[in-house]
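Report on one structure; see the data block that follows.
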Amino acid sequence: MDAAEADRAHPATIRGVITYHDPTRYLSFIQDETAGIYVSLWYAKVRPGDVVEVSGKTAAGDVGRIIVTDPASRAGIRLLGHGALPTPKPVALEDLRDATFDAQWVSTQARVESVTLDGDRAAVELVSGDARLRAFIPGYTSLEGLPRHLIGFPVEARGVLGTALAPGTGAVRTTLDVPSIREIRIDPAAFAERFESCPVTHFEGLFSRDSLPRREPTRVQGRVTLAREGHGFFLNLYAGDHVHGTVFVQSAQPGAPALGDWVDTVGVVERANGYRVLQDAIFRVLSHGPAVDGLHIPDRNILKEDFHGHLIVTQGQIVETFRGLSEAAWLVRTGFGFVQVMLPRGNDRAPVRVLEPGTRVGITGILLRNPPMAGRFGEQGVGYQIQLRTSGDLTVLKAAPWWTVRRIGIALGLAALVSAAALGWVYLLRKRVREQMETIRSQLERAAVSEERTRIARELHDSLAQHLASITIQLDAVAVRLKTEEGDTQQLLETAREMAAHSMDQTRLAIWDLRSPTLARDGLVAAIHEVVQPLTERRGTLLRVTLEGEVRRLGGGAENHLLRIVQEASANALQHGSPTQIEIAVLFRAQGLMVTIHDNGAGFRVPSPGALPVAHFGLRGMFERAKKIGGQLVLESEPGAGTTISVWIPWRQTVEATAKPLPSPEAQCA
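As numbered in full-length UniProt numbering, residues 1 to 670 make up the sequence shown, in order.
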């Protein structure tokens with residue numbers, strides 16, 4: 001597939017081995033039995049040697065073809081296993097200057113001219129005759145860990161050839177992307193010759209000079225007391241069977257010697273933190289041996305003499321535990337001062353031990369004397385560090401007392417918090433008692449009102465209602481006899497009948513309103529259901545009642561008046577408009593309460609409130625009730641378009657919050 005065809009974003013699936021992966025640059029290569037290709041794996045958690053299956057779309061890169069995966073999904077990447085990197089294709093360095101081997105896993109022979117830091121990767125300059133090629137190794141963040149031990153050695157470098165177009169010129173620029181330092185291998189003969197060409201320097205010859213030697217290879221031998229891969233190791237240097245001194249060997253050579261190994265090393269003597277170290281070293285293990293025992297040194301001797309770099313055994317008391325990304329640390333009070341005890345994460349995978357302050361511990365590790373700071377009165381600020389070899393070098397001798405300063409402070413804080421909470425609880429309890437007393441007083445008042453209303457209803461039913469019923473019956477009889485007569489007498493009698501019938505209905509409604517406990521107990525919406533639903537059921541009319549907002553109770557008889565308005569409006573609609581549906585909405589708003597009654601009946605032409613005829617007792621009564629409770633009633637109707645009555649009541653001092661949430665029914669009845 002050529003570049004033009006690849007740029008059409010064809011779906012593609014490949015299976016192969018990851019040969020290079022740098023997530024910080026979104027740079028990854030996969031190789032199968034035929035060739036290699038660049039793949040954008042984005043944030044995939046893979047490493048060189050992983051066998052994967054990748055699904056994506058083809059694209060055209062600067063030089064070759066690439067496969068692009070979806071950056072928002074990891075579904076296109078499937079890990080099949082882990083294995084060894086494939087056998088590289090040997091290529092001469094001068095043949096890697098063009099795109100012939102783009103994205104291929106290759107090896108080349110060259111000499112390392114220089115090693116520098118390029119962002120977060122090491123840049124290794126490879127030369128062979130007139131040919132040059134820069135190799136990049138990811139994972140380096142400081143100058144201290146650069147693999148400068150490679151400088152001057154002939155090496156075999158294994159990596160993926162990366163190609164790009166130079167800005168401006170468009171020329172092809174190639175680099176060798178090396179997955180790790182282990183893929184740059186020093187020629188074994190040159191490695192051995194370096195040791196053979198340097199005589200072994202003993203401790204006296206290494207550190208008894210007044211000035212540092214020139215940057216020439218220096219060879220020493222000793223036994224390993226602490227090692228950290230990629231950083232270096234400490235050596236005990238011996239005169240016979242006795243430790244005559246120590247030295248730190250800084251080496252980025254892959255692998256690390258074991259504790260107790262007898263090591264042969266060649267490096268360059270430099271000064272660091274006031275002490276001489278062997279930098280950019282290479283090493284080889286001559287023999288294995290048991291781990292070195294630490295020195296039991298009295299505290300006063302540590303203060304008087306210089307034991308920098310020695311493996312010591314001491315005791316102390318934990319002051320604080322620290323947990324960092326690269327190492328664990330404890331601040332310990334010892335007989336020779338405060339000491340920072342550190343365990344680099346690369347030395348041990350055990351979790352950090354969080355020790356309580358006051359814990360008595362035993363410590364075995366390398367003593368490091370911090371360089372003193374120059375002050376006005378001479379050297380000041382002398383302190384110590386101890387580097388542990390493993391987590392087992394820190395042992396608990398005696399647990400901390402339970403009542404520490406920290407726990408005492410926590411206990412006092414909790415006591416103060418409990419006291420504050422108790423005072424707050426007492427305050428809230430008193431407030432709740434006052435609220436309950438107000439609620440009980442209100443309930444007692446409502447009970448008294450209810451009892452009085454029941455008494456009045458009973459008297460109305462036994463006296464006035466019965467009398468009105470008798471008058472209505474008499475008027476009906478007279479009307480039958482006067483049907484044959486004509487004139488004003490008949491009209492006046494009809495008016496008297498209507499007034500008596502309306503008075504009878506109003507008396508019956510008043511008796512119901514006085515006796516019904518639903519309004520006081522369950523609120524306005526429930527009472528509307530109880531009053532209107534029987535009316536609509538008798539006529540087969542659909543009733544819909546809706547409730548919106550946070551329910552609040554109205555005082556001062558406002559709920560009773562609203563209920564009567566709804567009742568009267570519904571009765572008028574059923575009697576005069578013959579609707580098929582009545583909709584009642586109770587809307588609780590922030591500024592007030594809105595109640596609307598809408599029907600789809602016959603409708604009528606709306607007169608002004610002052611021009612209502614005498615027989616319109618219902619409409620006149622609704623306007624009067626709305627005005628009495630401080631509200632406003634709006635009547636809207638047109639012949640054939642139904643009728644809408646809206647009542648708006650703003651919140652006043654008569655409004656009181658209900659003690660319990662009321663039901664919010666939304667009924668649909670036929």
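C-beta: ideal position from N, C-alpha, C; glycine also.
The structure presented is a predicted model; accordingly, all values stated were derived computationally and were not measured.
**Prompt:** residue 588 by DSSP, collapsed to three states: which one?
**Reply:** Within the sequence shown, the letter at position 588 stands for residue 588. Residue state, collapsed to three classes: strand.
**Presumed contact (8 angstroms Cβ cut-off) between residue 649 and residue 631, rounded CB distance** = Taking the sequence shown and counting its residues from 1, the one referred to as residue 649 is at position 649. Taking the sequence shown and counting its residues from 1, the one referred to as residue 631 is at position 631. Residue 649 to residue 631, Cβ: 4 angstroms. Contact.
**Request:** Reducing DSSP to helix, strand and coil, say where residue 84 ends up.
**Result:** As a position in the sequence shown, residue 84 is number 84, starting the count at 1. DSSP places residue 84 in coil when its eight states are reduced to three.
**Residues sharing a beta bridge with residue 644, DSSP** = Taking the first residue of the sequence shown as position 1, residue 644 is located at position 644. Answer is 598 and 636.
**Item:** Reduced DSSP secondary structure (H/G/I, E/B, other) of residue 100
**Value:** Taking the sequence shown and counting its residues from 1, one reaches residue 100 at position 100. DSSP places residue 100 in helix when its eight states are reduced to three.
**Continuous beta strand (DSSP E) assignments of at least 3 residues falling wholly in the segment 88-170** = 105-118, 121-128, 131-138 and 154-165
**Message:** Let me check understanding here. Comparing Cα to Cα, which of 339, 363 and 565 lies closest to residue 633?
**Reply:** Here residue 633 refers to the residue found at position 633 of the sequence shown. Ranking 339, 363 and 565 by Cα distance to residue 633 puts 565 first.
**Prompt:** So what's residue 536 in DSSP terms, helix, strand or just coil?
**Reply:** Translated into the one-based positions of the sequence shown, residue 536 becomes position 536. Correct three-state label for residue 536: helix.
**Request:** Check whether the Cβ atoms of residue 296 and residue 313 lie closer than 8 angstroms to each other.
**Result:** In the sequence shown, counting from the first residue as 1, residue 296 sits at position 296. In the sequence shown, counting from the first residue as 1, residue 313 sits at position 313. Taking 8 angstroms as the Cβ cut-off, residue 296 and residue 313 qualify as a contacting pair.
**Three-pair Cβ contact test at 8 angstroms for the segment 192-199 versus the segment 230-239** = no
**Message:** Does residue 253 come out as helix, strand or coil in the three-state DSSP assignment?
**Reply:** Stepping through the sequence shown from its first residue, residue 253 is reached at position 253. DSSP places residue 253 in coil when its eight states are reduced to three.
**Prompt:** For residue 105, which residues of its own chain have a beta-carbon under 8 angstroms away from its beta-carbon, when the five flanking residues on both sides are left out?
**Reply:** Here residue 105 corresponds to residue number 105 of the sequence shown, with the count starting at 1. Taken in chain order, the residues that qualify are 19, 29, 31, 36, 85, 86, 88, 89, 158, 159 and 160.
**Prompt:** In its own chain, which residues sit with a C-beta less than 6 angstroms from the C-beta of residue 39, not counting the 5 before and 5 after it?
**Reply:** Here residue 39 refers to the residue found at position 39 of the sequence shown. Hits under 6 angstroms: 28, 30, 54 and 67.
**Request:** Mind checking which residues open and close the alpha helix (DSSP H) that includes residue 518?
**Result:** Position 518 of the sequence shown, counted from the start, is the residue given in the question as residue 518. 518-522 is the extent of the alpha helix (DSSP H) around residue 518.
**Request:** With DSSP as the reference, please indicate the residues paired to residue 328 in a beta bridge.
**Result:** One-based indexing of the sequence shown puts residue 328 at position 328. For residue 328, which the question treats as bridged, DSSP gives the partners 323 and 343.
**Residue environment, residue 148, which counts as buried when at least 16 other CB atoms sit within 10 Å** = Looking up residue 148 in the sequence shown gives position 148. Buried.
**Request:** Check whether the Cβ atoms of residue 224 and residue 257 sit closer than 8 angstroms, and answer yes or no.
**Result:** One-based indexing of the sequence shown puts residue 224 at position 224. One-based indexing of the sequence shown puts residue 257 at position 257. Result yes, Cβ atoms of residue 224 and residue 257 sit closer than 8 angstroms.
**Request:** Consult DSSP for residue 298 and reduce its assignment to one of helix, strand or coil.
**Result:** In the sequence shown, residue 298 corresponds to position 298, counting from 1. It is coil, neither helix nor strand.
**Request:** Out of 142, 48 and 176, state which residue places its alpha-carbon closest to the alpha-carbon of residue 98.
**Result:** The sequence position of residue 98 within the sequence shown is 98, counting from 1. Measuring from the Cα of residue 98, the nearest candidate turns out to be 176.
**Prompt:** Secondary structure at residue 271, three-state DSSP: helix, strand or coil?
**Reply:** If you number the sequence shown from 1, residue 271 lands on position 271. In this structure, residue 271 counts as strand in the three-state DSSP scheme.
**Prompt:** Which residue's Cα is closest to the Cα of residue 386: 560, 294 and 261?
**Reply:** As a working mapping, residue 386 is identified with position 386 in the sequence shown. It is 294 whose Cα lies nearest to the Cα of residue 386.
**Request:** Please go through the same chain and pick out, in chain order, the residues whose beta-carbon is closer than 6 angstroms to the beta-carbon of residue 335, but skip the five residues on each side of it.
**Result:** Residue mapping note: residue 335 aligns to position 335 of the sequence shown, counting from 1. 299.
**Message:** Please report the straight-line C-alpha distance between residue 561 and residue 415, rounded to a whole angstrom.
**Reply:** Translated into positions along the sequence shown, residue 561 becomes position 561. Translated into positions along the sequence shown, residue 415 becomes position 415. Near 56 angstroms, if we compare the C-alpha coordinates of residue 415 and residue 561.
**Message:** Looking at the secondary structure, which residues open and close the alpha helix (DSSP H) in which residue 195 lies?
**Reply:** Taking the first residue of the sequence shown as 1, we reach residue 195 at position 195. Run containing residue 195: 188-196, per the alpha helix (DSSP H) assignment.
**Request:** Give me whichever residues DSSP pairs with residue 242 in a beta bridge.
**Result:** The count along the sequence shown starts at 1 and reaches residue 242 at position 242. The partner list for residue 242 (beta bridge, DSSP) reads 239.
**Request:** Please report how far the alpha carbon of residue 210 lies from the alpha carbon of residue 276, in whole angstroms.
**Result:** Taking the first residue of the sequence shown as position 1, residue 210 is located at position 210. Taking the first residue of the sequence shown as position 1, residue 276 is located at position 276. Confidence in residue 210 is poor, its pLDDT being 49 and thus under 50, which makes the residue's placement unreliable; the coordinate value appears in the next sentence. If I take the Cα positions, the gap works out to 12 angstroms.
**Prompt:** Exposed or buried, which one is residue 364 when buried takes at least 16 other CB atoms within 10 Å?
**Reply:** Here residue 364 corresponds to residue number 364 of the sequence shown, with the count starting at 1. Burial call: buried.
**Asked** Does DSSP put residue 440 in a helix, in a strand, or in coil?
**Response** Counting from one through the sequence shown, the residue named residue 440 turns up at place 440. In this structure, residue 440 counts as helix in the three-state DSSP scheme.
**Request:** Look at the alpha carbon of residue 339 and the alpha carbon of residue 270, and state the distance between them as a whole number of angstroms.
**Result:** Translated into positions along the sequence shown, residue 339 becomes position 339. Translated into positions along the sequence shown, residue 270 becomes position 270. One C-alpha to the other measures close to 26 angstroms.
**Item:** Length of the line joining the Cα atoms of residue 623 and residue 572
**Value:** By 1-based counting over the sequence shown, the position of residue 623 is 623. By 1-based counting over the sequence shown, the position of residue 572 is 572. When rounded, the distance between both Cα atoms is 14 angstroms.
**Secondary structure of residue 260, DSSP reduced to three states** = As a position in the sequence shown, residue 260 is number 260, starting the count at 1. Three-state DSSP puts residue 260 in coil, outside helix and strand.
**Prompt:** Start and end of the beta strand (DSSP E) containing residue 28?
**Reply:** In the sequence shown, counting from the first residue as 1, residue 28 sits at position 28. Counting along the chain, the beta strand (DSSP E) containing residue 28 begins and ends at 27-31.
**Asked** Span of the alpha helix (DSSP H) holding residue 567?
**Response** Here the question's residue 567 lines up with position 567 in the sequence shown. That run of the alpha helix (DSSP H) goes 558-572.
**Request:** Taking all protein chains shown into account, decide if residue 403 is buried (16 or more other Cβ within 10 angstroms of its Cβ) or exposed.
**Result:** Here the question's residue 403 lines up with position 403 in the sequence shown. Classification of residue 403: exposed, given that the 10 Å Cβ count is below 16.
**Asked** Between the Cα of residue 259 and the Cα atoms of 244, 536 and 229, which residue gives the shortest distance?
**Response** Indexing the sequence shown from 1 puts residue 259 at position 259. Out of 244, 536 and 229, 229 has the C-alpha closest to the C-alpha of residue 259.
**Request:** Please state whether DSSP places residue 202 in a helix, a strand or coil.
**Result:** Working through the sequence shown from its first residue, we reach residue 202 at position 202. Residue 202: coil per DSSP, three-state reduction.
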